[in-house]
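Asks: Attaching a single structure in structure tokens format; questions to follow.
There are 2 protein chains.
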Amino acid sequence: MVASSQRRREVTVADVAREAGVAKATASRALGNYGAVSDDARDRILAAAEALGYRPNELARSMNTGKSKTVGVVVGDIENGYFALALRGISDAAKRAGYDIILVNTSEDVDAEVDAVRLLLDKRVDGMIVAPASAYRVDHLRDVFDSGRPLVFLDRQVEGLPAFSVGVDIAPAARAATAALIHDGHRRIAFVSALGTDGDRYSGLPLGVSSVADRLVGILEGLEEIGIPATPDLIRYGADGLEKTRAVIADLMALSDPPTAILMSDSLVALNVLLALRELGIQVPKDVSVVAFDDFDWAALTNPPLTVVAQPIYEVGVAAADVLIRLMRGQTPEETTVRLPASLVRRDSIGRVAVAGR
Amino acid sequence: MVASSQRRREVTVADVAREAGVAKATASRALGNYGAVSDDARDRILAAAEALGYRPNELARSMNTGKSKTVGVVVGDIENGYFALALRGISDAAKRAGYDIILVNTSEDVDAEVDAVRLLLDKRVDGMIVAPASAYRVDHLRDVFDSGRPLVFLDRQVEGLPAFSVGVDIAPAARAATAALIHDGHRRIAFVSALGTDGDRYSGLPLGVSSVADRLVGILEGLEEIGIPATPDLIRYGADGLEKTRAVIADLMALSDPPTAILMSDSLVALNVLLALRELGIQVPKDVSVVAFDDFDWAALTNPPLTVVAQPIYEVGVAAADVLIRLMRGQTPEETTVRLPASLVRRDSIGRVAVAGR
DNA sequence: TTGTATGCGTTATCAG
DNA sequence: CTGATAACGCATACAA
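Going down the list, the sequences are from chains A and B. Counting in my numbering, the first sequence runs from 64 upward without gaps. Counting in my numbering, the second sequence runs from 64 upward without gaps.
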């Protein structure tokens with residue numbers, strides 16, 4: 064009746080086998096339920112295991128099956144609602160299929176990403192889901208392929224790698240958002256992102272993050288449709304944190320011909336832009352209209368409620384995991400790229416602008 | 064010059080040793096940099112490893128060191144900003160110490176938690192951080208102790224287990240929030256939580272989640288201070304999701320003597336309560352005052368900006384990981400319980416109430 | 001300093 | 001159906 068503080072030495076199959084009076088191999092078969100074992104033996108073995116409090120050592124198991132039933136997930140920022148929600152989708156789908164998740168947060172730092180990928184490979188994950196921080200440094204991602212383990216890109220694509228990728232078809236929605244703004248008379252439309260680049264401006268669109276580049280593509284298409292040329296002075300990067308965002312917004316609104324509308328790249332950017340606008344006493348949508356990417360939970364709670372580009376983020380996570388799982392099972396999905404649709408959700412943050420005939 | 068698609072068989076120490084013309088043990092020592100190896104041999108071995116593209120198999124390594132350099136983290140809901148931020152803290156601190164994280168989301172379901180803990184144990188994590196969904200079902204947590212692995216509770220405590228716990232000292236702050244409301248004339252103060260209980264009301268406070276119970280303790284103390292007895296009709300559970308929250312709020316505000324203030328248990332509850340109030344046309348703070356637990360990022364963005372109880376969530380995550388790391392290193396922190404301070408952040412969601420002399 | 005032999009806990013192979 | 005025995009890839013006590 065002593066509290067069984069059976070520390071130290073763990074109970075192994077060998078112990079169970081001895082207790083049940085069978086060979087290790089037989090016990091192993093019964094416990095791992097594979098191969099063939101007589102009902103009689105199985106009962107004794109299971110009883111012994113129960114009595115001894117046997118628990119399999121998954122490390123040892125993984126070692127000679129080659130499968131760890133674990134997938135690596137590498138994202139830039141868990142704090143970002145986008146990734147948190149996608150992670151939830153991945154987690155749910157993975158659990159359903161019996162996989163655990165090793166999560167690594169890279170803070171969008173490529174060096175950290177490189178290390179993370181290497182380590183996950185060393186830990187012998189069965190597959191990986193990565194939101195690559197850069198489309199330029201990709202050797203570590205190539206290593207994943209060379210290791211024979213499946214890799215799925217989340218939210219972002221990388222050219223030149225034979226990879227599967229799951230994300231949102233954001234360009235058309237970005238274009239629709241732009242069109243909506245144009246329809247209400249807007250001509251000076253800004254785009255603000257947290258991404259860093261060499262300069263602070265739009266420099267030819269060679270962005271390292273495809274999902275952000277796609278937003279821009281859509282916006283530019285929308286503008287082009289009515290013959291408005293790209294306006295580099297209205298495309299701003301580096302709005303990372305409130306301070307920098309404040310500077311970006313102040314600078315933008317101090318332009319001789321300031322934007323009448325701002326497209327905000329994600330929920331974090333939206334938060335900071337809204338805060339900055341308030342500080343400057345600039346009212347939405349009276350003084351400036353705004354549209355955010357992502358229909359984050361508080362988007363409808365602001366005053367006015369925000370018009371947004373809604374993305375099926377949870378579903379993206381689930382889809383990414385499902386593709387990976389299929390791959391890990393040796394099946395090959397027909398589609399190499401999955402793009403879920405985004406849609407414009409109209410609320411009240413777009414105001415009308417008198418179309419001043421120039 | 065063929066793209067080295069060295070699939071199948073992995074490169075092992077044996078291969079490196081052969082290539083370098085030394086014994087396995089020597090190569091192993093050089094690669095794991097322990098023991099003593101001549102500079103000459105080390106150079107040859109490292110060169111061979113580089114040439115062959117050797118990568119250590121951490122599984123095998125873990126097997127006979129007994130350490131996996133991995134910690135398990137079990138939380139109820141990653142979507143909840145609280146856990147997302149705490150996770151970030153844990154992640155940063157763990158990475159700093161060379162640990163990876165296996166993350167499991169239980170959806171606050173105890174059965175899922177039990178499974179998760181067992182599986183993590185089977186995967187031989189070196190330690191665990193758990194935000195237990197219930198203080199009543201704890202056998203699986205006891206198993207962690209019996210396995211000899213350190214366990215740290217996050218945000219919540221469990222009686223009767225010799226565990227370390229890291230969280231926020233929320234009761235005093237809850238009391239301060241209540242006092243602030245009382246100071247402004249409020250007497251009918253409601254508390255709304257997403258937690259489920261047997262009934263929908265306050266039933267003697269035996270909550271399974273200590274951090275929520277602590278909020279209530281603080282509130283009740285604050286009320287008691289001026290002689291207001293506990294008001295079970297104003298304490299509501301089950302505000303889980305917009306729909307249920309809507310019902311809770313509608314019911315609350317339809318009371319013959321409705322609350323003049325509402326304390327919202329966390330950011331998710333706050334979101335839904337605010338949405339519900341808006342739907343009902345109830346204005347903050349004119350018709351009802353609100354205070355939220357957690358200073359989530361958009362708390363200052365609502366109209367009016369929310370008065371909140373701010374918690375050092377990221378720091379809680381870091382502290383939890385640090386305690387665990389110390390434990391895993393065999394050190395014993397002097398404090399068995401770490402409680403970081405919370406504070407009231409006054410913004411504009413508390414209105415004055417005329418103290419009607421009864 | 002280096003090499004040999006053994007162990008970690010499973011699964012897998014192949015006789016019996 | 002069952003039981004020896006050999007992997008799996010690395011670390012480590014011990015001997016040389």
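By construction, the Cβ of each residue, glycine as well, lies at the ideal position given by its N, Cα and C atoms.
Kindly indicate if chain A contains any beta-carbon less than 7 Å away from that of B:G267.
Replies: The count along the second sequence starts at 1 and reaches residue 267 of chain B at position 204. Note that B:G267 has pLDDT 45, beneath the 50 cutoff, so the model's placement of it is unreliable and the number below is only indicative. No, B:G267 lies away from the interface with chain A (no Cβ there is under 7 Å from its Cβ).
Asks: Give a yes or no on whether the minimum CB-CB distance between A:N335 and chain B is below 7 Å.
Replies: As a working note, residue 335 of chain A is residue 272 in the first sequence. No, A:N335 does not count as interfacial toward chain B.
Asks: I want to see whether chain B comes within less than 7 Å of A:M391, judged by CB atoms only; does it?
Replies: Sequence index remark: in the first sequence, residue 391 of chain A carries index 328 (1-based). Judged by the 7 Å Cβ criterion, A:M391 is not in contact with chain B.
Asks: Ignoring anything shorter than 4 residues or poking outside the region 281-334 of chain B, list the alpha helix (DSSP H) runs there in chain order.
Replies: Counting whole runs of 4 or more residues, the region 281-334 of chain B contains the alpha helix (DSSP H) stretches 305-316.
Asks: Three-state secondary structure (DSSP) at B:P404?
Replies: Residue 404 of chain B sits at position 341 when you count from the first residue of the second sequence. Of the three classes helix, strand and coil, the one that applies to B:P404 here is strand, per DSSP.
Asks: Smallest Cα separation from A:F359: which of A:E121, A:K349, A:T370 and A:V351?
Replies: Counted from its first residue, the first sequence places residue 359 of chain A at position 296. The candidate whose alpha carbon is nearest that of A:F359 is A:T370.
Asks: For a test of the three-state rule: what should DSSP assign to A:Y265, helix, strand or coil?
Replies: Translated into the one-based positions of the first sequence, residue 265 of chain A becomes position 202. Note that A:Y265 scores 44 on pLDDT, short of 50, meaning its location in the model is unreliable; the coordinates nonetheless yield the value given after this. Correct three-state label for A:Y265: coil.
Asks: Relative to the C-alpha of A:S412, which residue among A:L390, A:V74 and A:A362 is closest?
Replies: The residue labelled residue 412 of chain A in the question sits at position 349 within the first sequence. Among A:L390, A:V74 and A:A362, the Cα nearest to that of A:S412 is on A:A362.
Asks: Using a 10 Å radius around the Cβ and a threshold of 16 neighbouring Cβ atoms, would you call A:S273 buried or exposed?
Replies: If you number the first sequence from 1, residue 273 of chain A lands on position 210. Under this definition A:S273 is a buried residue.
Asks: Please report the distance separating the alpha-carbon of A:A382 from that of B:T89.
Replies: Position 319 of the first sequence, counted from the start, is the residue given in the question as residue 382 of chain A. Position 26 of the second sequence, counted from the start, is the residue given in the question as residue 89 of chain B. C-alpha separation (whole angstroms): 46 Å.
Asks: Tell me whether the region 327-337 of chain A and the region 242-257 of chain A touch, counting them as touching only if at least three CB pairs, one residue from each stretch, are closer than 8 Å.
Replies: Yes, the region 327-337 of chain A is in contact with the region 242-257 of chain A.
Asks: Take the Cβ of B:Y199 as the centre, count every other Cβ of all protein chains shown within 10 Å, and call the residue buried at 16 or more, exposed below.
Replies: Stepping through the second sequence from its first residue, residue 199 of chain B is reached at position 136. Exposed, because fewer than 16 other Cβ atoms sit within 10 Å of the Cβ of B:Y199.
Asks: Round the Cβ separation of B:L214 and B:A226 to the nearest angstrom and send it over; I've been treating them as touching at under 8 Å.
Replies: Position 151 of the second sequence, counting from 1, holds the residue named residue 214 of chain B. Position 163 of the second sequence, counting from 1, holds the residue named residue 226 of chain B. That pair is a contact at about 6 Å.
Asks: Measure the C-alpha to C-alpha separation of B:L279 and B:E342 and round it to an integer number of angstroms.
Replies: Within the second sequence, the letter at position 216 stands for residue 279 of chain B. Within the second sequence, the letter at position 279 stands for residue 342 of chain B. The alpha-carbon atoms of B:L279 and B:E342 are separated by roughly 27 Å.
Asks: Given that B:K186 touches chain A, what residues does it touch there, using C-beta distances under 8 Å?
Replies: Stepping through the second sequence from its first residue, residue 186 of chain B is reached at position 123. Under the 8 Å cutoff, chain A gives E121, L122, T133 and D163.
Asks: How would you list, in chain order, the residues of chain B whose beta-carbon sits under 7 Å from the beta-carbon of A:E142?
Replies: For the purposes of this step, residue 142 of chain A is identified with residue 79 of the first sequence, where counting begins at 1. Residues of chain B passing the Cβ test: A147, L148 and R151.
Asks: Would you check if the distance between the CB atom of A:G98 and the CB atom of A:R92 is smaller than 7 Å?
Replies: Within the first sequence, residue 98 of chain A is the residue found at index 35, counting from 1. Within the first sequence, residue 92 of chain A is the residue found at index 29, counting from 1. Their beta carbons are under 7 Å apart, which means A:G98 touches A:R92 by this criterion.
Asks: Indicate the three-state DSSP secondary structure (helix, strand or coil) for B:S197 in the structure shown.
Replies: On the second sequence, residue 197 of chain B is found 134 positions in, with the first residue counted as 1. B:S197: coil per DSSP, three-state reduction.
Asks: Which bits of chain A does B:D360 rub up against, with CB to CB less than 7 Å?
Replies: Counting from one through the second sequence, the residue named residue 360 of chain B turns up at place 297. Ordered by position in chain A, the residues that pass the 7 Å Cβ test against B:D360 are L334.
Asks: Could you give the distance in angstroms between the alpha-carbon of B:P348 and the alpha-carbon of A:I282?
Replies: Looking up residue 348 of chain B in the second sequence gives position 285. Looking up residue 282 of chain A in the first sequence gives position 219. So the alpha carbons of these two residues sit roughly 40 Å apart.
Asks: If the criterion is Cβ atoms closer than 7 Å, does the pair B:Y162 and B:V134 meet it?
Replies: Here residue 162 of chain B refers to the residue found at position 99 when the second sequence is read from its first residue. Here residue 134 of chain B refers to the residue found at position 71 when the second sequence is read from its first residue. Contact flag set, yes.
Asks: Can you round the beta-carbon distance between A:V351 and A:L364 to whole angstroms, since I take them to be within the 8 Å contact cut?
Replies: The residue labelled residue 351 of chain A in the question sits at position 288 within the first sequence. The residue labelled residue 364 of chain A in the question sits at position 301 within the first sequence. With a Cβ gap of about 19 Å, A:V351 and A:L364 do not count as contacting.
Asks: Would you be able to state if there are at least three C-beta pairs under 8 Å between the region 242-252 of chain B and the region 280-300 of chain B?
Replies: The answer is yes - the region 242-252 of chain B touches the region 280-300 of chain B, with three or more Cβ pairs under 8 Å.
Asks: How long is the line joining the alpha carbons of A:T75 and A:I165, rounded to whole angstroms?
Replies: As a first step, residue 75 of chain A is located in the first sequence; it is residue number 12 there, counting from the start. As a first step, residue 165 of chain A is located in the first sequence; it is residue number 102 there, counting from the start. Roughly 26 Å between the two C-alpha positions.
Asks: Below 8 Å, can you find three or more Cβ-Cβ pairs linking the region 169-189 of chain A to the region 125-132 of chain A?
Replies: The region 169-189 of chain A vs the region 125-132 of chain A: in contact.
Asks: Bridge partners of B:V138, per DSSP?
Replies: Residue 138 of chain B sits at position 75 when you count from the first residue of the second sequence. Beta-bridge pairing links B:V138 to B:N168.
Asks: For the beta strand (DSSP E) containing A:V231, list its first residue and its last residue.
Replies: Here residue 231 of chain A refers to the residue found at position 168 when the first sequence is read from its first residue. Taken as a continuous stretch (DSSP letters only), the beta strand (DSSP E) holding A:V231 covers F227 to D232.
Asks: If you run the structure through DSSP and keep just helix, strand and coil, what is B:F359?
Replies: Walking along the second sequence from the start, residue 359 of chain B turns up at place 296. Coil.
Asks: Contact check, B:R212 vs B:G230 under 8 Å by CB: the rounded distance?
Replies: Counting from one through the second sequence, the residue named residue 212 of chain B turns up at place 149. Counting from one through the second sequence, the residue named residue 230 of chain B turns up at place 167. Wrong, their Cβ atoms sit about 21 Å apart, outside the cutoff.
Asks: Would you call A:D357 buried or exposed, if buried means 16 or more other Cβ atoms sit within 10 Å of its Cβ?
Replies: Translated into positions along the first sequence, residue 357 of chain A becomes position 294. The residue in question, A:D357, is buried, as its Cβ has 16 or more Cβ neighbours within 10 Å.
Asks: Within 7 Å (strictly less), CB to CB, does B:D263 reach chain A?
Replies: Counting from 1 along the second sequence, the entry for residue 263 of chain B is found at position 200. Note that B:D263 scores 41 on pLDDT, short of 50, meaning its location in the model is unreliable; the coordinates nonetheless yield the value given after this. Taking Cβ atoms only, chain A never reaches closer than 7 Å to B:D263, which makes this a no.
Asks: Cβ closer than 9 Å: which chain B residues qualify as neighbours of A:S154?
Replies: Taking the first sequence and counting its residues from 1, one reaches residue 154 of chain A at position 91. The contacting residues are I141, L166, V167 and N168.
Asks: Strictly by DSSP, which residues pair up with B:F254?
Replies: Locating residue 254 of chain B in the second sequence gives position 191, where the first residue counts as 1. B:F254 pairs with B:I298 and B:L326.
Asks: Kindly say whether A:N366, judged by its beta-carbon, lies nearer than 7 Å to any beta-carbon of chain B.
Replies: Taking the first sequence and counting its residues from 1, the one referred to as residue 366 of chain A is at position 303. It does; some Cβ of chain B falls within 7 Å.
Asks: Can you list, in chain order, the residues of its chain with a C-beta nearer than 6 Å to that of A:A355? Leave out the 5 residues immediately preceding and following it.
Replies: By 1-based counting over the first sequence, the position of residue 355 of chain A is 292. Excluding sequence neighbours, A:A355 sits near M327, A333, L369 and V371.
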